[in-house]
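The structure appears right after this line, and notes come after that.
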Amino acid sequence: MSIKRKTRELFERREQMLQGGGEKAIQKQQSLGKMTARERIIALLDEDSFQEYDLFARHEGRDFDMDKKNLPGDGVITGTGKIFGSPICIFAQDFTVAGGSLGSMHARKITKIMDHALKMKVPLIGVNDSGGARVQEGVNSLAGYGEIFYRNTLASGIIPQISVILGPCAGGAVYSPALTDFVFVVDKISKMFITGPEVIKTVLGEEISMEDLGGARVHCEKTGNAHFFAESEKECFEQIKSLISYIPWNNKRKARVLRPRNPKNAFKIENVVPSDPKQPYDVKDVIRALADGSDFLEVQELFAPNIVVGYGRMNGQTVGFVANQPLILAGVLDVDSSDKAARFIRFCDAFNIPLITLVDLPGYLPGVDQEHAGVIRHGAKVLYAYSEATVPKITLILRKAYGGGYIAMNSRHLNADFVFAWPFAEIAVMGPEGAANIIFRKEIAGAEDPEKMRRQKIKEYKAKFANPYVAASRGYVDAVIEPEETRHFLIHALEVSETKSVALPDRKHGSIPL
Amino acid sequence: MADKKDKKLVDFHFEGTRYRTQVTAQFANRKAWEKEDPNIILAVIPGKIVKINVKEGQKVSKGRCLYVLEAMKMKNKILCTKSGEVKKIHGIEGKLVTKDELIMELKDISPKKSSNSFQQSKTRSEKK
Numbered sequence: 001m002s003i004k005r006k007t008r009e010l011f012e013r014r015e016q017m018l019q020g021g022g023e024k025a026i027q028k029q030q031s032l033g034k035m036t037a038r039e040r041i042i043a044l045l046d047e048d049s050f051q052e053y054d055l056f057a058r059h060e061g062r063d064f065d066m067d068k069k070n071l072p073g074d075g076v077i078t079g080t081g082k083i084f085g086s087p088i089c090i091f092a093q094d095f096t097v098a099g100g101s102l103g104s105m106h107a108r109k110i111t112k113i114m115d116h117a118l119k120m121k122v123p124l125i126g127v128n129d130s131g132g133a134r135v136q137e138g139v140n141s142l143a144g145y146g147e148i149f150y151r152n153t154l155a156s157g158i159i160p161q162i163s164v165i166l167g168p169c170a171g172g173a174v175y176s177p178a179l180t181d182f183v184f185v186v187d188k189i190s191k192m193f194i195t196g197p198e199v200i201k202t203v204l205g206e207e208i209s210m211e212d213l214g215g216a217r218v219h220c221e222k223t224g225n226a227h228f229f230a231e232s233e234k235e236c237f238e239q240i241k242s243l244i245s246y247i248p249w250n251n252k253r254k255a256r257v258l259r260p261r262n263p264k265n266a267f268k269i270e271n272v273v274p275s276d277p278k279q280p281y282d283v284k285d286v287i288r289a290l291a292d293g294s295d296f297l298e299v300q301e302l303f304a305p306n307i308v309v310g311y312g313r314m315n316g317q318t319v320g321f322v323a324n325q326p327l328i329l330a331g332v333l334d335v336d337s338s339d340k341a342a343r344f345i346r347f348c349d350a351f352n353i354p355l356i357t358l359v360d361l362p363g364y365l366p367g368v369d370q371e372h373a374g375v376i377r378h379g380a381k382v383l384y385a386y387s388e389a390t391v392p393k394i395t396l397i398l399r400k401a402y403g404g405g406y407i408a409m410n411s412r413h414l415n416a417d418f419v420f421a422w423p424f425a426e427i428a429v430m431g432p433e434g435a436a437n438i439i440f441r442k443e444i445a446g447a448e449d450p451e452k453m454r455r456q457k458i459k460e461y462k463a464k465f466a467n468p469y470v471a472a473s474r475g476y477v478d479a480v481i482e483p484e485e486t487r488h489f490l491i492h493a494l495e496v497s498e499t500k501s502v503a504l505p506d507r508k509h510g511s512i513p514l
Numbered sequence: 001m002a003d004k005k006d007k008k009l010v011d012f013h014f015e016g017t018r019y020r021t022q023v024t025a026q027f028a029n030r031k032a033w034e035k036e037d038p039n040i041i042l043a044v045i046p047g048k049i050v051k052i053n054v055k056e057g058q059k060v061s062k063g064r065c066l067y068v069l070e071a072m073k074m075k076n077k078i079l080c081t082k083s084g085e086v087k088k089i090h091g092i093e094g095k096l097v098t099k100d101e102l103i104m105e106l107k108d109i110s111p112k113k114s115s116n117s118f119q120q121s122k123t124r125s126e127k128k
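Note that the protein sequences, when read in sequence, are chains A and B. If you use the numbering used here, the first sequence corresponds to residues 1 to 514, in order. If you use the numbering used here, the second sequence corresponds to residues 1 to 128, in order.
See the structure below:
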């Protein structure tokens with residue numbers, strides 16, 4: 001009798017909490033084209049796999065009549081669940097409850113689930129949809145943010161951390177996503193900025209819309225703060241699931257190995273890559289011709305598109321591809337593409353994902369704007385990230401590898417494990433035209449027909465140096481391979497580096513040029 | 001798809017070689033670099049001009065406070081980085097300015113004909 005009554009009381013209490021901010025607030029959320037926090041969790045996780053924590057948490061606001069207010073779950077839903085059977089921890093801010101504002105209990109629920117994720121060594125997913133700090137709770141909300149950032153930092157490199165921005169995420173709140181590994185945004189729904197349009201207008205007199213200031217597209221194309229762009233929340237969840245399938249649970253594990261599949265299209269080099277190194281092609285076609293099932297999950301597709309990074313599988317095993325993109329800016333390295341590649345390489349290294357680097361670039365982008373934007377310090381990140389990485393590092397030089405770009409793109413000299421080159425690869429300090437102009441300057445200037453002499457010297461230089469054999473003769477290239485057999489060579493390299501073990505010098509941590 | 005990609009290809013010159021490639025909007029919108037003119041005083045940060053401390057035609061020396069710009073809740077004293085004369089004042093007290101808005105123009109006091117004449121004129125002005 002009493003048990004029955006108590007159980008009924010539980011149901012009643014639970015039912016009340018599950019209402020969130022109530023019907024009106026839920027309708028408002030839906031009218032903005034947004035799902036509720038609970039709907040999002042259900043859509044993202046495996047069916048019936050969500051276990052909620054702290055449903056009955058009470059907010060701690062005591063001033064400004066806040067103690068009279070009932071805020072179900074204090075505006076955030078936390079718990080554990082599964083994606084494709086893999087365990088994860090999740091929190092989702094509930095905008096229908098006090099605008100998802102962060103008070104001290106709200107923050108404590110989040111830090112509790114973060115601590116849990118770190119203890120259990122499983123990925124953490126945070127769904128952000130909040131008006132910001134709960135002003136009524138004053139400095140306690142700031143404390144809450146700080147405690148979240150601290151845990152984001154401690155968890156970095158131990159468990160994968162994913163942030164999903166499905167609403168406003170402004171002020172200090174943006175720093176939690178910034179500290180995590182992957183940020184997912186949805187067009188017209190996600191908004192991220194430190195100071196909003198209102199403040200900018202009153203302080204600085206500049207007028208800008210939220211969308212133009214910190215919308216999804218801005219953060220995917222311009223700032224590089226976000227990694228995945230989706231048109232809808234549904235598409236966003238599919239992207240998250242896909243990413244989870246490629247990465248391991250934590251830094252002590254390897255990503256799940258799937259049944260090997262052949263690429264959908266057999267590799268026909270002449271269909272993909274023009275032999276003239278001056279002509280462009282889409283390097284993603286090469287990746288798809290190499291990867292299992294031709295599946296490739298690109299990271300930061302819209303940012304610095306002159307380099308391509310993302311996940312695929314070879315022989316069932318997850319690999320991280322880093323590839324110059326000759327289709328855009330001839331595939332040069334510059335400030336943004338260096339940042340993008342370095343961050344990706346370091347994630348792969350932290351989480352035991354082997355790296356496959358596809359090289360086809362003329363070098364670092366020249367220009368006053370690049371120099372003044374610090375291309376030296378940014379470009380150095382690529383060298384640093386490759387050098388410190390201890391996962392299997394495999395390089396394939398497709399066509400051109402010139403100058404500093406050659407060194408940076410996981411060359412033998414940065415301790416690559418395997419360097420392959422295609423037979424028409426050119427490894428040199430610069431392209432034949434530039435090199436001939438310097439080496440034969442006098443002969444060209446003194447010739448009767450300088451242009452004819454220039455062409456002849458370029459031809460001579462090309463014949464002698466524009467090939468992979470000079471580098472191969474020094475052991476800088478391990479093997480020159482036939483393009484059609486590339487997948488076979490890469491898989492072999494991965495198989496024999498399965499047990500790779502390298503110890504870095506003993507130190508607290510390095511000091512990467514940031 | 002391939003057709004669409006081909007359309008946007010442009011020439012891209014790199015160390016004497018001409019590559020065919022697409023360019024990003026960021027690259028296409030680059031501005032040519034210009035040397036900064038120390039006589040042109042631009043707002044370094046968006047804000048409000050609180051006070052202008054100099055007049056047109058006035059001689060100013062390095063370190064002199066030209067005007068006060070209130071930005072980010074701070075009243076910033078904007079100091080003169082060179083000696084010269086105030087040629088024209090564009091800024092208005094109490095007005096909001098955006099970054100890089102023209103506040104005032106300076107001019108050199110005596111055109112440098114030779115190092116000698118510069119020395120003399122400098123001595124003369126000092127004597128005054």
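The C-beta atom is built at its ideal place from N, Cα and C for all residues, glycine as well. Computed from a predicted structure; not experimentally measured.
Check, Outcome
"Whole-angstrom C-beta distance between Y476 (chain A) and P432 (chain A), which should lie under 8 Å", "In fact, because the Cβ distance is near 19 Å, the residues do not count as touching under 8 Å."
"Chain-ordered residues of the segment 32-63 of chain B with a beta carbon less than 9 Å from chain A", "A32, W33, I45, P46, G47, K48"
"D108 (chain B) - DSSP class collapsed to helix/strand/coil", "coil"
"Beta-carbon proximity list for G374 (chain A), same chain, < 8 Å, skipping 5 on both sides", "V335"
"G434 (chain A) - DSSP class collapsed to helix/strand/coil", "helix"
"is_contact[V23 (chain B), chain A] using C-beta, thresh 8 Å", "yes"
"Residues that E15 (chain B) contacts on chain A, provided the C-beta gap is smaller than 9 Å", "P362, G363, P366, Y402, G403, M430, G431, E433, G434, A435, N437"
"Cβ of E9 (chain A) within 8 Å of any chain B Cβ", "no"
"Cβ-Cβ separation, L44 (chain A) to I240 (chain A) (assumed contact under 8 Å), whole Å", "6 Å"
"Under 7 Å by beta carbon: chain A residues contacting L9 (chain B)", "P280"
"Status (buried if at least 16 other CB within 10 Å, exposed otherwise) for W249 (chain A)", "buried"
"Option in A:F193, A:L118, A:A471, A:C89 with minimal Cα separation from V127 (chain A)", "A:C89"
"For H90 (chain B) and M104 (chain B), believed in contact at Cβ under 8 Å, the rounded distance", "6 Å"
"Contact residues within the segment 459-491 of chain A, judged by C-beta distance below 7 Å to chain B", "none"
"Inter-residue spacing [alpha-carbon to alpha-carbon] between P305 (chain A) and F11 (chain A)", "52 Å"
"Any 3 or more C-beta pairs closer than 8 Å across the segment 290-299 of chain A and the segment 269-280 of chain A", "no"
"For T17 (chain B) and N362 (chain A), believed in contact at Cβ under 8 Å, the rounded distance", "Asn is not the amino acid found at residue 362 (chain A); the sequence shown has Pro there. Right, their Cβ atoms sit about 7 Å apart."
"Sequence-distant residues of the same chain with beta carbon closer than 8 Å to Y311 (chain A), five excluded per side", "L243, Y246, I247, F296, L297, V299, T318, V319, G320, F321, I353"
"Where the segment 91-110 of chain B meets chain A: residues whose CB sits under 9 Å from a CB there", "L96, V97, T98, K99"
"Chain-ordered chain B contacts of E538 (chain A) [CB-CB under 8 Å]", "No statement about residue 538 (chain A) is possible, as the shown extent of chain A runs from 1 to 514 and does not include it."
"Status (buried if at least 16 other CB within 10 Å, exposed otherwise) for L504 (chain A)", "exposed"
"Sheet register partners of P87 (chain A) (DSSP bridge)", "A:K82"
"Assigned exposure category for Q528 (chain A) - 16 Cβ within 10 Å defines buried", "With chain A covering only 1 through 514, there is no way to say anything about residue 528 (chain A)."
"Option in A:T486, A:D212, A:F184, A:A493 with minimal Cα separation from S232 (chain A)", "A:F184"
"Cβ neighbour criterion (16 or more within 10 Å) applied to S190 (chain A)", "buried"
"Three-state secondary structure (DSSP) of L42 (chain B)", "strand"
"Through-space distance from K201 (chain A) to Q161 (chain A), alpha-carbon basis", "34 Å"
"Own chain partners of R38 (chain A) with C-beta closer than 8 Å, once the 5 adjacent residues on each side are dropped", "L18, G20, I77, A92, D94"
"Contacts that P305 (chain A) makes with chain B (C-beta to C-beta distance below 9 Å)", "Q22, T24"
"Whole beta strand (DSSP E) elements within the segment 364-407 of chain A, 3-residue minimum", "393-402"
"Where G215 (chain A) falls, given that 16 or more other Cβ within 10 Å makes a residue buried", "buried"
"Endpoints, the alpha helix (DSSP H) within which Q27 (chain A) is located", "23-31"
"For K252 (chain A), the nearest candidate out of A:E301, A:T195, A:L118 (CA to CA)", "A:L118"
"Closest Cα partner of Y53 (chain A) within the set A:T96, A:H106, A:T7", "A:H106"
"Start-to-end residues for the beta strand (DSSP E) that takes in P168 (chain A)", "168-170"
"Whether S130 (chain A) touches C169 (chain A) by CB criterion (8 Å)", "yes"
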